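Peer 1: There's a structure below that I have some questions on.
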Amino acid sequence: VTLSGGEAQRVKLSAELGKTSTGHTLYILDEPTTGLHFADIHNLLNVLQRLCDLGNTVIVIEHNLDVIKLADYIIDLGPEGGQAGGQIIAAGSPEEILSVKESYTAKYLKDYLTVNK
Numbered sequence: 475v476t477l478s479g480g481e482a483q484r485v486k487l488s489a490e491l492g493k494t495s496t497g498h499t500l501y502i503l504d505e506p507t508t509g510l511h512f513a514d515i516h517n518l519l520n521v522l523q524r525l526c527d528l529g530n531t532v533i534v535i536e537h538n539l540d541v542i543k544l545a546d547y548i549i550d551l552g553p554e555g556g557q558a559g560g561q562i563i564a565a566g567s568p569e570e571i572l573s574v575k576e577s578y579t580a581k582y583l584k585d586y587l588t589v590n591k
């Protein structure tokens with residue numbers, strides 16, 4: 475059986491989450507919501523919050539605004555992708571970055587938060 479990258483990541487995450495938490499673990503997740511149903515994204519967000527509540531650190535590389543809006547701290551890289559990116563455009567809480575005009579994330583997050591209140 476061959477798993478896609480996202481499926482393999484979810485299997486690894488499930489195995490890791492089954493371990494007893496020490497509260498001293500750093501989790502780095504690269505686009506964990508890719509291919510997930512909305513209900514599964516909600517479940518994943520609950521799990522990630524539980525990890526944080528236990529004292530762990532969770533770093534998520536993500537484009538999904540449902541995930542971004544719940545972040546304690548955002549580092550927005552840009553201004554574009556690839557060779558035209560790599561600079562820190564904005565950093566702070568979701569509310570703090572909303573005022574950064576150069577940030578595409580801020581623009582879309584502001585629109586998203588306005589529509590999804």
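Taking our numbering, the leading residue of the sequence shown gets 475, the next gets one more, and so forth. Each residue gets a CB set at the ideal place from its N, CA and C atoms; glycine is no exception. On a predicted model such as this, the values are computed, not experimentally measured, just so you know.
1. What does the Cβ neighbour count give for Thr579, buried or exposed, with the cut at 16 atoms within 10 Å?
2. With Leu544 as the anchor, note down where its alpha helix (DSSP H) starts and where it stops.
3. Determine the contact status of Asp504 and Ile535, defining contact as a CB-CB distance below 9 Å.
4. Would you mind giving the Cβ-Cβ distance between Lys568 and Lys543, rounded to the nearest angstrom? I have them listed as a contact below 8 Å.
5. Work out the CA separation of Val475 and Asp585 for me, nearest whole Å.
6. Would you kindly report the start and end of the unbroken alpha helix (DSSP H) that includes Gln523?
7. According to DSSP, which residues form a beta bridge with Gln483?
8. Can you check whether the CB of Val485 is closer than 9 Å to the CB of Leu519?
9. Can the beta-carbon of Leu539 be found less than 9 Å from the beta-carbon of Val532?
10. Could you check the C-alpha separation between Gly508 and His516 for me, to the nearest Å?
11. Under a Cβ-count criterion, where at least 16 other Cβ atoms within 10 Å of its own Cβ denotes burial, should Ser577 be classed as buried or exposed?
Peer 2: On the basis of the data shown:
1. buried
2. Note, Leu544: premise wrong, no alpha helix (DSSP H); not H, not E.
3. yes
4. The sequence given here has Pro at residue 568, not Lys. Their Cβ separation, rounded to whole angstroms, is 5 Å, which keeps Pro568 and Lys543 in contact under 8 Å.
5. 42 Å
6. Phe512 to Asp527
7. Answer is none; Gln483 lacks a bridge partner.
8. no
9. Not in contact: Leu539 and Val532 (Cβ atoms no closer than 9 Å).
10. Going by the sequence as given, residue 508 is Thr instead of Gly. Using only the alpha carbons, I get a separation of about 13 Å.
11. It counts as buried.
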